[in-house]
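First up is the structure itself, then whatever we jot down about it.
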Ligand SMILES: [Fe+2]
Ligand SMILES: [Fe+2]
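Numbering (the working numbering), first residue to last: 1 to 336.
The structure is reproduced here in structure tokens:
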């Protein structure tokens, strides 16, 4: 998963532009700008403006945290999956998300912030993660909806990041996007199985889950373009390639057709095809809810963070054992 609002900065951050310090730095800046304009990729060892580094560190680490926190709502259903096949698929999917988190932490570390610093920022609530994972998974159909809608939205968001100007992030995203496609399909197939073979009560369970997940998923693309002032800088730097509203529109247009195949209704009475625009119009998004969840006051924010803090504390012995083992290996390696 799961960028969203990853370019959402604190209100004072946009004006936080450091003045250039020297002619040498101005020359480096000019060379960097020319490389970006030419569509070059920037590697970890290359010179980059401090704000480019900071913006990427924040975005990639928020993305990594989202993958890790994103394991929690679905992990909740591993022990209650309805069949062995569904359990095996869900286990593999949740493990994929852990892997995505690890690729992304590694990409963020190339920018000079340690894994421990990134982890502490999450555990102390300083760093954000995608708002979507602060919603509960109340039924088995919620797991299918996360695959179909949430991973589907993630793909829309993440495919353009495969062309991000920062090469380590772009490389991580190419691998991640391949796996996200599998996630989206397994979610859709799981829901389709219920909708074509299930009882009336099971079909109603799917519809109820769609009703819960639709609007939070639409919000995943972040605030509207006219309220996303930092997007312009990210676009200039080649970190962001497509605007929030354009991505949201692409997602909605694709989801309408998929909902028709599934036989579910999307909970937006204003959703209709606009022939003049060649796209679907949609109802008003509740941005007050979005900002409330981002601010830490969604349905599960406290529960999610507490689960991560517990995992960190309960894993202390694993880190200590791994460190002790690694220290023992070093002298042997040197002797060999
Ligand atoms: Fe993922
Ligand atoms: Fe995923």
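Glycine included, each C-beta is placed from N, C-alpha and C at the ideal position.
6 angstroms CB neighbourhood of residue i in its chain, flanking five on each side removed
i: residue 97; result: 67, 70, 71
i: residue 101; result: 64, 67, 68
i: residue 207; result: 264
i: residue 16; result: The pLDDT assigned to residue 16 is 49, lower than 50, so where the model puts this residue is not dependable; a value taken from the coordinates is nonetheless given after this. Here the set comprises nothing.
i: residue 274; result: 281
i: residue 141; result: 205, 206, 209
i: residue 86; result: none
i: residue 113; result: 57
i: residue 301; result: 134
i: residue 307; result: 72
i: residue 256; result: 280
i: residue 5; result: Unreliable placement is indicated for residue 5, whose pLDDT of 48 sits below 50; no coordinate value is reported for it.
i: residue 21; result: none
i: residue 324; result: none
Within 8 angstroms, strictly: CB atoms of residue i and residue j
i: residue 186; j: residue 194; result: no
i: residue 312; j: residue 118; result: no
i: residue 268; j: residue 278; result: no
i: residue 243; j: residue 231; result: yes
i: residue 188; j: residue 214; result: no
i: residue 205; j: residue 290; result: no
i: residue 168; j: residue 44; result: yes
i: residue 180; j: residue 161; result: no
i: residue 104; j: residue 57; result: no
i: residue 227; j: residue 127; result: no
i: residue 150; j: residue 217; result: yes
i: residue 74; j: residue 90; result: yes
i: residue 221; j: residue 182; result: no
i: residue 224; j: residue 253; result: no
Assumed close pair residue i, residue j - CB separation to whole angstroms, cut-off 8 angstroms
i: residue 239; j: residue 59; result: 7 angstroms
i: residue 152; j: residue 190; result: The Cβ separation is near 13 angstroms, so there is no contact.
i: residue 121; j: residue 172; result: With 8 angstroms as the limit, residue 121 and residue 172 do not qualify as a contact, their Cβ atoms being about 19 angstroms apart.
i: residue 192; j: residue 262; result: 6 angstroms
i: residue 131; j: residue 293; result: 4 angstroms
i: residue 163; j: residue 170; result: 6 angstroms
Proximal residues to residue i (C-beta, below 7 angstroms), its chain only, five neighbours per side dropped
i: residue 299; result: 134, 135, 136
i: residue 297; result: none
i: residue 12; result: With a pLDDT of 46 at residue 12, under the threshold of 50, the modelled position of this residue cannot be trusted; read the value that follows with caution. Nothing listed; no residue qualifies.
i: residue 248; result: 218, 221
i: residue 272; result: 280, 281
i: residue 49; result: 29, 32
i: residue 52; result: 237
i: residue 184; result: 147, 148, 151, 152, 155
i: residue 115; result: 105, 109
CB contact check: residue i to chain C, cutoff 8 angstroms
i: residue 229; result: The structure shown contains no chain C; it is built from a single protein chain.
8 angstroms Cβ shell around residue i - same chain, five flanking residues per side excluded
i: residue 36; result: 42, 165, 236, 237, 238
i: residue 316; result: none
i: residue 327; result: none
i: residue 259; result: 210, 265, 266
i: residue 94; result: 71, 74, 75, 78
i: residue 80; result: 140
i: residue 125; result: 296, 305
i: residue 241; result: 160, 161, 163, 164, 235
i: residue 47; result: 28, 31, 32
i: residue 40; result: 165
Complete runs of the alpha helix (DSSP H) confined to the stretch 84–110 [at least 4 residues]: 84–109
Contained beta strand (DSSP E) runs [length at least 3] in the stretch 206–291, N- to C-terminal order: Qualifying beta strand (DSSP E) stretches, in chain order: 272–274, 279–281.
4-residue-minimum alpha helix (DSSP H) runs that sit fully inside the stretch 120–197, ordered along the chain: 140–145, 152–158, 167–197
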